[in-house]
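Trainee:
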Amino acid sequence: MALGLTRRTRAHPVDLENLAYAADEFREALIPLQSITPDRCDGAATELRNRALVAEERFFAAVAGLPRRERTLAGHWENAAVMRYRYGLEVFARAEDLGADMRAQLVTHRRPSLPAHRTV
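Sequential numbering of the sequence shown, starting at 0, is according to numbering that gives the first Met the number 0.
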(Lines of atoms letter the chains of each structure in order from A and count residues from 1; the text may use other names and numbers.)
(Lines give C-alpha, C1' and ligand atoms only; values in the text may rest on other atoms or scores of the structure.)
Protein backbone atom coordinates (compact mmCIF):
# COMPACT_ATOMS: atom_id res chain seq x y z
CA MET A 1 0.00 0.00 0.00
CA ALA A 2 1.54 3.29 -1.06
CA LEU A 3 1.31 6.41 1.03
CA GLY A 4 0.07 9.58 -0.62
CA LEU A 5 1.39 13.07 0.02
CA THR A 6 -1.00 13.23 2.93
CA ARG A 7 -2.54 10.34 4.73
CA ARG A 8 -5.46 10.60 7.08
CA THR A 9 -5.07 8.70 10.31
CA ARG A 10 -7.20 9.22 13.34
CA ALA A 11 -8.51 12.69 12.47
CA HIS A 12 -5.17 14.24 11.63
CA PRO A 13 -3.85 14.67 8.12
CA VAL A 14 -0.18 13.74 7.84
CA ASP A 15 2.03 15.77 5.53
CA LEU A 16 4.97 13.49 4.78
CA GLU A 17 7.08 16.27 3.31
CA ASN A 18 6.60 18.27 6.52
CA LEU A 19 7.60 15.19 8.51
CA ALA A 20 10.78 14.77 6.47
CA TYR A 21 11.61 18.46 6.84
CA ALA A 22 11.03 18.33 10.61
CA ALA A 23 13.19 15.21 10.95
CA ASP A 24 16.01 16.74 8.90
CA GLU A 25 15.79 19.97 10.89
CA PHE A 26 15.97 17.97 14.14
CA ARG A 27 18.95 15.95 12.93
CA GLU A 28 20.76 19.10 11.79
CA ALA A 29 20.10 20.69 15.19
CA LEU A 30 21.52 17.65 17.00
CA ILE A 31 24.80 17.41 15.10
CA PRO A 32 26.42 20.55 16.63
CA LEU A 33 25.61 19.23 20.11
CA GLN A 34 28.37 16.63 19.71
CA SER A 35 30.97 19.27 20.51
CA ILE A 36 29.22 20.54 23.66
CA THR A 37 30.15 19.00 26.98
CA PRO A 38 27.38 18.69 29.61
CA ASP A 39 29.10 21.21 31.90
CA ARG A 40 29.34 23.91 29.22
CA CYS A 41 26.81 26.64 29.96
CA ASP A 42 27.76 29.62 27.79
CA GLY A 43 25.32 31.46 25.54
CA ALA A 44 26.27 29.57 22.37
CA ALA A 45 25.74 26.18 24.02
CA THR A 46 22.39 27.28 25.40
CA GLU A 47 21.32 28.54 21.96
CA LEU A 48 22.25 25.20 20.34
CA ARG A 49 20.37 23.24 23.01
CA ASN A 50 17.30 25.45 22.63
CA ARG A 51 17.39 25.07 18.85
CA ALA A 52 17.52 21.28 19.22
CA LEU A 53 14.63 21.36 21.71
CA VAL A 54 12.43 23.40 19.35
CA ALA A 55 13.33 21.12 16.43
CA GLU A 56 12.50 18.05 18.54
CA GLU A 57 9.08 19.50 19.42
CA ARG A 58 8.38 20.16 15.72
CA PHE A 59 9.43 16.62 14.87
CA PHE A 60 7.08 15.10 17.46
CA ALA A 61 4.25 17.35 16.29
CA ALA A 62 4.81 16.15 12.70
CA VAL A 63 4.91 12.49 13.82
CA ALA A 64 1.79 12.70 15.99
CA GLY A 65 -0.66 11.91 13.19
CA LEU A 66 1.16 8.87 11.84
CA PRO A 67 -0.18 5.35 12.38
CA ARG A 68 1.28 3.50 15.37
CA ARG A 69 3.83 1.51 13.37
CA GLU A 70 5.31 4.61 11.75
CA ARG A 71 5.19 6.55 15.04
CA THR A 72 7.11 3.75 16.71
CA LEU A 73 9.73 3.75 13.97
CA ALA A 74 10.02 7.54 14.21
CA GLY A 75 10.46 7.27 17.97
CA HIS A 76 13.23 4.70 17.59
CA TRP A 77 14.95 6.91 15.01
CA GLU A 78 14.69 9.92 17.35
CA ASN A 79 16.21 7.93 20.21
CA ALA A 80 19.06 6.67 18.02
CA ALA A 81 19.73 10.18 16.69
CA VAL A 82 19.84 11.67 20.18
CA MET A 83 22.12 8.91 21.48
CA ARG A 84 24.42 9.25 18.47
CA TYR A 85 24.67 13.02 18.18
CA ARG A 86 24.00 14.32 21.68
CA TYR A 87 25.81 11.66 23.67
CA GLY A 88 28.38 10.57 21.07
CA LEU A 89 27.42 6.89 21.17
CA GLU A 90 28.37 5.72 17.69
CA VAL A 91 26.89 2.30 18.43
CA PHE A 92 23.56 3.95 17.50
CA ALA A 93 24.85 5.11 14.09
CA ARG A 94 23.48 2.10 12.20
CA ALA A 95 20.03 2.44 13.77
CA GLU A 96 19.97 6.17 13.04
CA ASP A 97 20.99 5.56 9.43
CA LEU A 98 18.28 2.89 9.01
CA GLY A 99 15.72 5.28 10.44
CA ALA A 100 16.81 7.99 8.02
CA ASP A 101 16.41 5.52 5.14
CA MET A 102 12.89 4.63 6.30
CA ARG A 103 12.02 8.32 6.57
CA ALA A 104 13.21 8.78 3.00
CA GLN A 105 10.90 5.93 1.95
CA LEU A 106 7.94 7.77 3.48
CA VAL A 107 8.67 10.86 1.39
CA THR A 108 8.76 8.76 -1.78
CA HIS A 109 5.29 7.48 -0.83
CA ARG A 110 6.44 3.97 0.05
CA ARG A 111 5.56 2.27 3.28
CA PRO A 112 8.68 2.00 5.43
CA SER A 113 10.28 -1.41 5.72
CA LEU A 114 13.55 -2.83 6.88
CA PRO A 115 16.14 -3.49 4.19
CA ALA A 116 16.48 -7.08 3.02
CA HIS A 117 19.24 -9.04 4.72
CA ARG A 118 22.24 -9.64 2.54
CA THR A 119 23.94 -12.99 2.56
CA VAL A 120 27.69 -12.83 2.31
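Note that the Cβ used here is the ideal one computed from N, Cα and C, for glycine as well.
Please read all numbers here as calculations on a predicted model, not as lab measurements.
Could you check if Glu89 is buried or exposed, using at least 16 other CB atoms within 10 Å of its CB as the buried criterion?
Mentor: Glu89 is exposed by the Cβ-count criterion.
Trainee: On the DSSP letters alone, give me the boundaries of the alpha helix (DSSP H) that Thr71 sits inside.
Mentor: Its alpha helix (DSSP H) spans residues 67-80.
Trainee: Less than 8 Å separating the beta-carbons of Ala73 and Ala94?
Mentor: Going by C-beta atoms, Ala73 is not nearer than 8 Å to Ala94.
Trainee: Name the residue from Val53, Asp100, Ala51 whose alpha carbon lies nearest to the alpha carbon of His155.
Mentor: With the chain covering 0 to 119 only, the question about residue 155 has no answer from this structure.
Trainee: Roughly how many angstroms lie between the CA atoms of Glu77 and Thr45, to the nearest whole one?
Mentor: Straight-line Cα distance between these residues: approximately 21 Å.
Trainee: Can you name, in chain order, every residue of its own chain whose Cβ lies under 8 Å from the Cβ of Arg85, other than the five neighbours on each side?
Mentor: Result list for Arg85: Leu29, Leu32, Gln33, Ala51, in chain order.
Trainee: Going by alpha carbons, who is nearest to Leu18 out of Ala60, Leu47, Phe91, Pro37?
Mentor: Ranking Ala60, Leu47, Phe91, Pro37 by Cα distance to Leu18 puts Ala60 first.
Trainee: Can you tell me the Cβ-Cβ gap for Ala43 and Arg102, rounded? I've got them flagged as a contact below 8 Å.
Mentor: Rounded, the Cβ-Cβ distance is 29 Å, inconsistent with contact.
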